[in-house]
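Take the sequence shown: its position 58, counting from 1, is numbered 58 in full-length UniProt numbering, and each next residue is one higher.
One structure is given here, and the rest of the page talks about it.
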Amino acid sequence: MGWLKATYGNVCEELGEDVDRNLFTNVLDHEGHFTVPVVGHTRFCYDQSNDNSCRRGELDADTGVVTYRRMAVADRFVDITLRIAQFTARYPDAVRVSRPDMRKDSTGNIVFDVVVFVLRPLMQDVSKSAHAVGFDLNADWHGGISGTRLSCNGHVSRPLVVSRNTKRQQDKLERIYVQYRRCLDRLDRLMPWQRASDPDNPADVAAHPKWANLYVQSLALRDKMYRIKEILDWRYAHDMLDHAKPGELVAVERLDPFDNAGRYEFRHGSQLDKLDHVAAKRGQRVVKVNPAHTSDTCPWCNTRIGNLGRNREYECPRCHRTVPRDYGSAINIAKRGCAYLGHKHVRPTPKKGRPTPKRPKLIQKRHSGAAHEALSGTGKGPVSFHTERTAPTPSSGMATATVQGKRKRATPGRQLGQCYDAAAAGTATTSS
1 MGWLKATYGN
11 VCEELGEDVD
21 RNLFTNVLDH
31 EGHFTVPVVG
41 HTRFCYDQSN
51 DNSCRRGELD
61 ADTGVVTYRR
71 MAVADRFVDI
81 TLRIAQFTAR
91 YPDAVRVSRP
101 DMRKDSTGNI
111 VFDVVVFVLR
121 PLMQDVSKSA
131 HAVGFDLNAD
141 WHGGISGTRL
151 SCNGHVSRPL
161 VVSRNTKRQQ
171 DKLERIYVQY
181 RRCLDRLDRL
191 MPWQRASDPD
201 NPADVAAHPK
211 WANLYVQSLA
221 LRDKMYRIKE
231 ILDWRYAHDM
241 LDHAKPGELV
251 AVERLDPFDN
261 AGRYEFRHGS
271 QLDKLDHVAA
281 KRGQRVVKVN
291 PAHTSDTCPW
301 CNTRIGNLGR
311 NREYECPRCH
321 RTVPRDYGSA
331 INIAKRGCAY
341 LGHKHVRPTP
351 KKGRPTPKRP
361 KLIQKRHSGA
371 AHEALSGTGK
381 GPVSFHTERT
391 APTPSSGMAT
401 ATVQGKRKRA
411 TPGRQLGQCY
421 DAAAAGTATT
431 SS
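Shown next, in the form of structure tokens:
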């Protein structure tokens with residue numbers, strides 16, 4: 001029941017204890033403002049709360065108060081109000097505050113982590129380098145980056161990936177995630193009617209000690225994954241800027257950190273915010289380009305690829321090249337980043353060679369006057385692959401010739417592998 005409809009007797013009956021009348025009157029008159037009354041400590045159902053359900057924070061920059069409407073706590077929706085000390089002095093150019101990420105620390109206290117967005121002055125384009133480094137934020141569950149360096153003349157570097165320390169953190173996160181999923185599966189087998197990640201009935205949880213212990217373990221693993229993801233976000237930001245040389249431009253996708261409901265997205269918002277923070281401290285320029293069709297466009301011929309789904313690589317129907325999806329997206333991002341350096345039409349140059357590896361030429365030694373197999377010399381592999389016949393033993397006195405096999409269509413009067421003797425003595429030529 002809401003405070004406006006509840007009476008003093010209803011509140012006492014609901015809580016099961018007597019409530020201070022002055023406290024109830026102040027809350028009723030001031031609509032639950034945090035200053036009246038002053039609450040020293042209170043109970044908060046951390047295990048039964050969901051911070052993803054609240055709306056975008058309403059910021060009052062003058063007082064440093066952030067209000068989150070309709071957060072799901074236990075069996076009802078409540079409004080959470082946070083007060084940030086010295087908000088104006090610490091964040092004078094604050095524009096908005098993200099949705100909170102709630103966690104429990106080692107001492108048992110509940111901590112709300114928020115991101116404060118501030119206005120930063122645009123850095124002047126002082127880059128004299130003719131290179132742009134583009135990075136694509138992967139859609140993997142643990143994040144990840146894929147990048148490349150593109151020159152204005154079209155030269156493309158090797159793929160730029162994460163460092164060894166970042167890879168170790170990814171492996172550690174994967175191991176913890178496997179343990180977390182196993183713990184949730186065991187919870188589902190014990191009590192299928194309860195949600196393993198967010199139980200509905202605390203009475204059932206208290207009645208099953210084994211289920212309660214597993215649930216506590218799952219919360220500990222979830223908090224550990226949260227901390228590792230925070231570390232990975234900082235490592236991704238440092239890895240991207242470490243790959244860029246001094247004075248080079250770093251290009252990433254312009255992704256909205258908030259979704260349609262106003263919730264703060266971990267993948268987009270956290271990584272981009274930390275990248276801007278590290279780049280501002282290092283003095284490197286980071287630009288955000290249009291993210292449309294970066295992952296489904298061939299970087300070599302600009303052909304749109306349809307129906308990719310979740311495929312990690314694709315073959316271009318026009319140039320017939322196999323392109324890794326993340327690497328191709330990084331090249332497209334770097335191309336759009338070159339426009340900030342004055343190079344609007346940069347065409348990347350693919351590696352030398354054919355799109356598909358060419359069949360190696362068949363060069364072998366043949367003896368004149370010998371009866372050869374019908375399929376030998378056609379470029380389709382060794383003779384033993386097609387037939388188990390043994391080759392004739394070369395005799396002494398026979399001259400040899402180096403013959404290069406070529407594929408030709410059979411014409412009337414000429415059979416594959418047919419040998420023709422040359423007029424010159426001591427030599428033999430063969431055409432197939």
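Backbone N, C-alpha and C fix where the C-beta goes; we use that ideal spot for every residue, glycine too.
This one's a predicted model, so the numbers in the text were calculated from it and none came from an experiment.
| message | For the beta strand (DSSP E) containing Pro324, name the first residue and the last one. | response | 322 to 324
| field | Cβ distance (whole Å) where Val27 is taken to contact Val66 below 8 Å | value | At roughly 20 Å, the Cβ-Cβ gap does not stay under 8 Å, so Val27 and Val66 are not in contact.
| Per DSSP, Ile84 forms a beta bridge with which residues? | Its beta-bridge partners do not exist; DSSP assigns none.
| 3 or more residues per run - each beta strand (DSSP E) lying fully within the UniProt domain "Cas12f1-like TNB" (272 to 333) | 286 to 289, 313 to 315, 322 to 324
| How long is the line joining the alpha carbons of Ala244 and Ile145, rounded to whole angstroms? | 14 Å
| Burial state of Arg285 (16 or more Cβ within 10 Å) | buried
| request: Would you tell me roughly how many angstroms separate the C-alpha atoms of His343 and Tyr180, rounded to the nearest one? | output: 48 Å
| query | Taking the alpha-carbon positions, what's the Arg69 to Asn332 distance? | reply | 40 Å
| said: Looking only at its chain, what residues have a beta carbon closer than 8 Å to the beta carbon of Asn307, apart from the 5 residues adjacent to it on each side? | reply: none
| field | Alpha carbon of Cys54 to alpha carbon of Asp18, nearest angstrom | value | 30 Å
| What whole-angstrom Cβ distance do Gly337 and Tyr236 have, given they're in contact under 8 Å? | With 8 Å as the limit, Gly337 and Tyr236 do not qualify as a contact, their Cβ atoms being about 18 Å apart.
| request: Count the CB pairs spanning the stretch 228 to 242 and the stretch 163 to 170 that are closer than 8 Å, and state whether there are at least three. | output: yes
| said: Using 8 Å for Cβ pairs, my map puts Leu184 next to Trp211. What's the rounded Cβ distance? | reply: 12 Å between Cβ atoms; not a contact.
| query | Per DSSP, which one or two residues make a beta bridge with Leu137? | reply | Ile145
| task | Enumerate in chain order the residues of its own chain whose CB-to-CB distance from Gly154 is below 7 Å, with the five nearest sequence positions on each side excluded. | result | Val346, Arg347, Pro348, Thr349
| field | Asp101, enclosing beta strand (DSSP E) - first and last residue | value | 101 to 104
| said: Can you tell me where the alpha helix (DSSP H) holding Ala212 begins and where it ends? | reply: 209 to 243
| In whole angstroms, what is the alpha-carbon distance linking His297 and Phe135? | A small fix is needed here, since residue 297 is Thr in this sequence, not His. One C-alpha to the other measures close to 15 Å.
| query | Within 10 angstroms of its Cβ, does Arg21 collect 16 or more other Cβ (buried), or is it exposed? | reply | exposed
| query | Which value, in whole angstroms, describes the spacing of the CA atoms of Val278 and Glu230? | reply | 14 Å
| In whole angstroms, what separates the C-alpha of Asp198 from that of Ser49? | 8 Å
| With 8 Å set as the bound, which would you pick, yes or no: does the beta-carbon of Val73 sit closer than that to a beta-carbon of chain B? | The structure shown has no chain B; it contains just one protein chain.
| said: Considering Cα atoms alone, identify which of Glu13, Ala203, Ser329, Asp242 is closest to Val162. | reply: Asp242
| query | So, Gly64 versus Thr88, is the Cβ gap smaller than 8 Å? | reply | yes
| How far does the alpha helix (DSSP H) with residue 433 in it reach, from first residue to last? | The chain is shown only over 1 to 432; residue 433 falls outside these bounds and no answer can be derived.
| The alpha helix (DSSP H) spanning Tyr68 covers which residue range? | Premise fails: Tyr68 lies in the beta strand (DSSP E), 65 to 73, not in any alpha helix (DSSP H).
| query | Of the residues Ser295, Pro299, His320, which one's Cα is nearest the Cα of Arg312? | reply | Ser295
| message | Given a cut-off of 8 Å on the beta-carbon distance, is the pair Arg120 and Ala251 in contact? | response | no
| task | Under the assumption that Val114 contacts Asp105 (Cβ atoms under 8 Å), give the Cβ distance between them as a whole number of angstroms. | result | 16 Å between Cβ atoms; not a contact.
| message | Am I right that Leu59 and Ala94 are in contact with their C-beta atoms under 8 Å? What's the rounded C-beta distance? | response | 7 Å
| task | Out of Cys301, Val11, Asp75, Val178, point me to the one whose CA is closest to Met225's CA. | result | Val178
| task | Report, in whole angstroms, the separation of the C-beta atoms of His320 and Arg304, which I expect to be a contact under 8 Å. | result | The Cβ separation is near 16 Å, so there is no contact.
| Taking buried to mean at least 16 other C-beta atoms within 10 Å of its own C-beta, is Lys335 buried or exposed? | buried
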